[in-house]
Amino acid sequence: VWMQSGIRNEQAAQRFAEAGIKVVQDRCLMVEHRRVAR
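Whatever position you read off the sequence shown (first residue = 1), add 68 for our numbering.
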């Protein structure tokens, strides 16, 4: 689950994590793409 920049929900993140689903919070996909594409 990807939560965009400015979005955090610890309760939801915990539930996803307990279900074995990876969670990313408060990150911008474009910024992350630029960071890893260097």
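All C-beta atoms, glycine included, are put in the ideal place defined by N, C-alpha and C.
Item: Could you have a look at Val-92 and say whether DSSP puts it in helix, strand or coil?; Value: strand
Item: For Met-71, which option in Arg-106, Arg-95 and Val-104 has the closest C-alpha, if you only look at C-alpha atoms?; Value: Arg-95
Item: Along the chain, where does the alpha helix (DSSP H) containing Val-69 start, and where does it finish?; Value: Note, Val-69: premise wrong, no alpha helix (DSSP H); not H, not E.
Item: Looking at the secondary structure, which residues open and close the alpha helix (DSSP H) in which Ala-81 lies?; Value: 78-86
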